[in-house]
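Numbering (UniProt numbering), first residue to last: 1 to 344. Glycine included, every Cβ here is placed at the ideal spot set by N, Cα and C. Quick caveat: nothing in here was measured; it's all calculated off a predicted structure. The structure under discussion appears below in the form of structure tokens.
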């Protein structure tokens, strides 16, 4: 893609998210979401492949439907209350708005577009879709969290954790695995949203860090399938080892970064006397733990000296991947800093 066009699209993404973040008016928030949607579609189709075109079409139709629902709910709200303020939603518009935002984020049962779209696009675009594109809808959800229906958020959150674990078990494509991982993590964020919005925000930040680190590592290794990641040790030994640890961090195992939000969410649910909900969430998350451990097991089995039968010598990457190194470090070592981050 032309560097000038790429710069314009990336700037449009940044502007769209900034407009939504800084708006208190429903129309401005909707405009920001639309700019975001329209800016990423050319990035999806930069490799002219039928799968990419199909992914971009599915993404556009889903996001357009969600945007129409958001506009509909804001119009109904303006008709009922006479205000366009984001924080003044009445009963019917808040339910419609919740469903629309869940569709934009890719939460179950409105998740069907997410694995298919992520599978059809390149890894760098998948990184943007899984991290940056979630910021604007999640901010709107955090803004309106006091108005949301508790039963709706808990139901959607539990369904997402279940689908995120169940859907990822039979997958061999890494992008689809990351899509189901995203659905599962967003489920954790939404479950605790009504109880503690600050904890949801903290979980969302760590989700972005871990997902970005994983996508960056896969991009450097050029791995999109399990078979490719299993032979990556001979090319990038250190990166393969850190990728294995990032998967364990995504699974939420101590003493890695991913353990912090899960522990804090379970503690908050117990504090709110939702012990049954906390127990159900922990049992359901074992499904996700299984497919993360399976991926880790595949990498661990292929560690040196179990190198593939190849005449190629061990190769090192000539480029410097300092940003990937920083993200990988953050995705693995933030657990001790959790109290400081929460305090800030």
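According to DSSP, simplified to helix, strand and coil, what is residue i?
| i | result |
| --- | --- |
| residue 143 | helix |
| residue 328 | helix |
| residue 151 | helix |
| residue 77 | helix |
| residue 72 | helix |
| residue 234 | coil |
| residue 65 | helix |
| residue 269 | helix |
| residue 90 | coil |
| residue 313 | For residue 313, the pLDDT reaches just 47, beneath the cut-off of 50, and the residue's location in the model is therefore unreliable, although a value from the coordinates is still provided. It is coil, neither helix nor strand. |
| residue 340 | helix |
| residue 118 | helix |
| residue 108 | coil |
| residue 257 | coil |
| residue 252 | coil |
So is residue i in contact with chain B if we call contact Cβ pairs under 9 Å?
| i | result |
| --- | --- |
| residue 78 | The displayed structure is made up of one protein chain only, and chain B is not part of it. |
From the DSSP output, read off the bridge partner residues of residue i.
| i | result |
| --- | --- |
| residue 173 | 225 |
| residue 85 | 25 |
From residue i to residue j, what distance separates their C-alpha atoms?
| i | j | result |
| --- | --- | --- |
| residue 86 | residue 99 | 16 Å |
| residue 333 | residue 339 | 13 Å |
| residue 313 | residue 234 | Note that residue 313 scores 47 on pLDDT, short of 50, meaning its location in the model is unreliable; the coordinates nonetheless yield the value given after this. Cα-Cα distance, rounded: 8 Å. |
| residue 2 | residue 150 | 47 Å |
| residue 212 | residue 127 | 6 Å |
| residue 188 | residue 257 | 15 Å |
| residue 290 | residue 166 | 10 Å |
| residue 106 | residue 114 | 6 Å |
| residue 183 | residue 130 | 10 Å |
| residue 201 | residue 140 | 12 Å |
| residue 321 | residue 123 | 16 Å |
| residue 238 | residue 244 | 10 Å |
| residue 283 | residue 156 | 17 Å |
| residue 214 | residue 270 | 31 Å |
| residue 277 | residue 146 | 20 Å |
| residue 37 | residue 60 | 7 Å |
Measuring from the CB of residue i, is there a heavy atom of the ligand SAM at a distance below 8 Å?
| i | result |
| --- | --- |
| residue 59 | Of ligands this structure carries none, so the ligand SAM is not represented either. |
Output the residue ranges of the alpha helix (DSSP H) runs that lie fully inside the region 14 to 63 and measure 4 residues or longer, sorted by chain position.
Considered as a whole, the region 14 to 63 harbours 26 to 44 as its complete alpha helix (DSSP H) runs of no fewer than 4 residues, in chain order.
Does the contact criterion of 3 or more C-beta pairs under 8 Å hold for the region 58 to 75 versus the region 99 to 115?
When Cβ pairs closer than 8 Å are counted between the two stretches, the region 58 to 75 is seen to touch the region 99 to 115, the count reaching three or more.
Can you list, in chain order, the stretches of the alpha helix (DSSP H) that have 4 or more residues and sit fully within the region 160 to 211?
Fully enclosed alpha helix (DSSP H) runs of 4 or longer: 174 to 191.
Whole beta strand (DSSP E) runs in the region 272 to 306 with 3 or more residues, listed along the chain?
Within the region 272 to 306, no complete beta strand (DSSP E) run reaches 3 residues.
With contact counted as at least three CB pairs below 8 Å, one residue from each stretch, are the region 289 to 297 and the region 236 to 253 in contact?
Yes: at least three Cβ pairs fall under 8 Å.
Could you check whether the region 22 to 30 touches the region 42 to 50, counting it as contact only if at least three pairs of C-beta atoms, one from each stretch, sit closer than 8 Å?
Inter-segment contact for the region 22 to 30 and the region 42 to 50 is absent: fewer than three beta-carbon pairs are separated by less than 8 Å.
With three or more C-beta pairs closer than 8 Å as the rule, is the region 214 to 223 touching the region 259 to 272?
Judged by Cβ distances under 8 Å, the region 259 to 272 makes no contact with the region 214 to 223, as fewer than three pairs qualify.
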